[in-house]
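What follows is a short report on a single structure.
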Amino acid sequence: QKEVEQNSGPLSVPEGAIASLNCTYSDRVSQSFFWYRQYSGKSPELIMSIYSNGDKEDGRFTAQLNKASQYVSLLIRDSQPSDSATYLCAVSFTGNQFYFGTGTSLTVIP
Amino acid sequence: NAGVTQTPKFQVLKTGQSMTLQCAQDMNHNSMYWYRQDPGMGLRLIYYSASEGTTDKGEVPNGYNVSRLNKREFSLRLESAAPSQTSVYFCASRPPEGWYEKLFFGSGTQLSVL
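The listed protein sequences derive, respectively, from chains G and V. Everything in the first sequence is counted per my numbering, starting at 112 for the first residue and increasing by one. Everything in the second sequence is counted per my numbering, starting at 322 for the first residue and increasing by one.
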């Protein structure tokens with residue numbers, strides 16, 4: 112079993128819609144949770160981090176964490192064509208281990 | 322500050338050849354990581370180093386060796402390259418301040434093994 116699992120997609124949403132990305136992780140002791148965005152041919156870039164249960168909002172992005180269900184999600188409101196990318200969920204476990212999911216490819220259709 | 326620097330950016334090898342991918346960071350980070358990225362596979366952890374002098378295996382360590390030469394440098398060696406090691410390799414580092422810190426990535430190395 113992988114440490115971090117994501118639906119690989121692809122996910123397509125129309126411009127202006129809400130995109131919902133999901134991620135589950137193993138039952139190891141986890142510390143922090145991240146969402147990275149990666150454009151084709153580029154390095155991943157951090158867009159959100161979350162550490163405690165509940166929601167965290169930053170502009171059009173909302174991260175949600177439910178540790179009891181081992182579940183973390185990312186909502187992108189008012190999706191724009193520039194949001195088209197691969198979104199990677201990452202989890203930091205104790206011992207400084209940092210694992211990524213397989214990524215979800217998002218396409219926003221103008 | 323250059324951040325995380327990886328060399329080379331591109332490399333083509335023949336099966337059985339060896340090579341070392343270099344990574345250096347100038348941010349005084351303790352932890353460093355090597356990942357590989359294949360289509361549809363996300364980033365898979367090869368090895369990581371929590372501090373100078375220590376290294377640990379990640380998800381896919383077979384076929385690779387690493388050296389944490391000093392605090393700045395963390396190299397990845399392929400002793401006998403195989404076509405299955407064709408991939409994009411990313412080095413990353415992480416600040417020592419706490420468990421909440423993100424990774425900082427290099428620009429990647431595109432490796433092809435023929």
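Beta carbons are placed, not taken as given, at the ideal position from N, Cα and C, and that holds for glycine. Treat the numbers as computed from the prediction; the structure is a model and nothing was measured.
Below 9 Å on C-beta distance, what does residue i contact in chain G?
i, result
"G429 of chain V", "G152, K153, S154"
"F411 of chain V", "S154, P155"
Exposed or buried, what is residue i when buried is set at 16 or more other beta-carbons lying within 10 Å of its beta-carbon?
i, result
"V387 of chain V", "buried"
"Y198 of chain G", "buried"
"D194 of chain G", "buried"
"E114 of chain G", "buried"
"S151 of chain G", "exposed"
"S163 of chain G", "exposed"
"A196 of chain G", "buried"
"V434 of chain V", "buried"
"F411 of chain V", "buried"
"A413 of chain V", "buried"
"F331 of chain V", "exposed"
Name, please, each residue of chain G whose Cβ falls closer than 7 Å to the Cβ of residue i.
i, result
"L424 of chain V", "F209"
Since residue i meets chain V, which of its residues come closer than 8 Å, beta carbon to beta carbon?
i, result
"T218 of chain G", "Those within 8 Å of T218 of chain G in chain V number zero; the least Cβ separation is about 15 Å."
"S137 of chain G", "Those within 8 Å of S137 of chain G in chain V number zero; the least Cβ separation is about 12 Å."
Counting only Cβ pairs nearer than 8 Å, list the residues of chain G close to residue i.
i, result
"V369 of chain V", "It is worth fixing the name first, because residue 369 of chain V is Tyr in this sequence and not Val. Residues of chain G passing the Cβ test: N207, Q208, F209."
Going along chain V, which residues have a C-beta under 9 Å from residue i?
i, result
"S184 of chain G", "Ordered by position in chain V, no residue passes the 9 Å Cβ test against S184 of chain G, which lies about 17 Å from the chain."
Say whether chain V places a C-beta atom closer than 8 Å to the C-beta of residue i.
i, result
"S123 of chain G", "no"
"S119 of chain G", "yes"
"G127 of chain G", "no"
Residue i touches chain V at which residues, Cβ-Cβ below 7 Å?
i, result
"S180 of chain G", "Those do not exist, as S180 of chain G stays about 21 Å from chain V at its closest Cβ, beyond 7 Å."
*Mind checking the segment 353-366 of chain V against chain G and listing, in chain order, the residues whose C-beta falls within less than 8 Å of any C-beta there?*
Y354, Y356, G361, M362, G363, L364, R365, L366
*According to a CB-to-CB cut-off of less than 8 Å, which residues of the segment 157-174 of chain G neighbour chain V?*
L157, S160, Y162
_Interface residues of the segment 189-204 of chain G facing chain V [CB-CB below 7 Å]_ = L199, S203
_If we require 3 or more residues per run, which beta strand (DSSP E) segments fall completely within the segment 113-163 of chain G?_
115-117, 122-125, 130-136, 141-149, 156-161
*Residue ranges of each beta strand (DSSP E) within the segment 336-360 of chain V, 3 or longer*: 340-346, 352-358
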